[in-house]
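Residue numbers (our numbering): 25 to 219.
Each residue gets a CB set at the ideal place from its N, CA and C atoms; glycine is no exception.
To start, the structure under review is shown below, and the notes come after it.
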């Protein structure tokens, strides 16, 4: 078969047609790129809103300083209990009072000091904590403060030579009970100081 010759005019029309198609295709691609840019901009705006919301949630959810128990709390309880009982040498008077009370009364003093420490914490620092969380947080925090104060009572009595390894348990029990009120109040008060 003989080759069909294309006239110059037909060639120009064909090239023009191809150029128009190419231009149309490029216009479509530009429109799609614009749509993608608009979509990306919207996504970036949404992402910025989500990041802002995340920051707000983090600031609202940040734990309250009274909810965490740290070494700092033990140190504050230690300082408070020592100041409470050593500042006026109340532990010496407590030893004398302990000689006159019974084990039953000493046990009541332990409960009373725990109650007073809890009251001090609840009525001052724990008002900011939601009511339903107080019952979960307060006993743990109070128990740590209470036990820290009791340990430091024994250590102070030992340091001043009032008790030693030969002292009977009943005597130590009563002496610690009598001094526990002032030590736990001091430890609880110290716990509320600072951040």
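> Would you say residue 198 and residue 101 are within 8 angstroms of each other, going by their C-beta atoms?
Replying inline: No, the Cβ-Cβ distance between residue 198 and residue 101 is not below 8 angstroms.
>> Pop quiz: residue 215 and residue 145 are said to be a contact at Cβ under 8 angstroms. What is the actual Cβ separation, rounded to whole angstroms?
In response: Yes, they are in contact, since the Cβ atoms of residue 215 and residue 145 sit about 7 angstroms apart, within 8 angstroms.
> What separation, rounded to the nearest whole angstrom, lies between the Cα atoms of residue 34 and residue 60?
Replying inline: In this structure, the straight-line span from the alpha carbon of residue 34 to that of residue 60 is close to 39 angstroms.
>> Using the three-state DSSP reduction, which class does residue 192 fall into: helix, strand or coil?
In response: The DSSP-derived three-state label of residue 192 is coil.
> By Cβ distance below 6 angstroms, which residues in the same chain neighbour residue 122 in space, the five residues on each side in sequence not counted?
Replying inline: Cβ neighbours of residue 122 beyond the five flanking positions: 198, 199, 202.
>> Rounded to whole angstroms, what is the Cα-Cα separation between residue 119 and residue 106?
In response: The straight-line gap from Cα to Cα measures roughly 15 angstroms.
> Which same chain residues, not among the five before or five after residue 178, have their C-beta less than 8 angstroms away from its C-beta?
Replying inline: If we look at residue 178 and ignore the five residues flanking it on each side, its Cβ neighbours are 187, 196, 200.
> Can the beta-carbon of residue 135 be found less than 8 angstroms from the beta-carbon of residue 205?
Replying inline: Contact check for residue 135 against residue 205 fails: the beta carbons are separated by 8 angstroms or more.
>> Helix, strand or coil for residue 187? Go by DSSP, reduced to three states.
In response: Residue state, collapsed to three classes: coil.
> Taking DSSP as the reference, what is the three-state secondary structure of residue 40?
Replying inline: Of the three classes helix, strand and coil, the one that applies to residue 40 here is helix, per DSSP.
> With a cut-off of 8 angstroms, does the C-beta of residue 51 fall near any C-beta of chain B?
Replying inline: Among the protein chains of the structure shown there is no chain B, as only one such chain exists.
> residue 140: which of 213, 114, 117, 39 sits nearest, CA to CA?
Replying inline: Nearest neighbour of residue 140 by Cα position, chosen from 213, 114, 117, 39, turns out to be 213.
>> Relative to the C-alpha of residue 170, which candidate in 210, 36, 55 has its C-alpha closest?
In response: When each option's Cα is compared against that of residue 170, the closest is 210.
> What is the DSSP secondary structure of residue 124, reduced to helix, strand or coil?
Replying inline: Coil.
> In angstroms, rounded to a whole number, what distance separates the CA positions of residue 192 and residue 127?
Replying inline: Between residue 192 and residue 127, the C-alpha separation is close to 13 angstroms.
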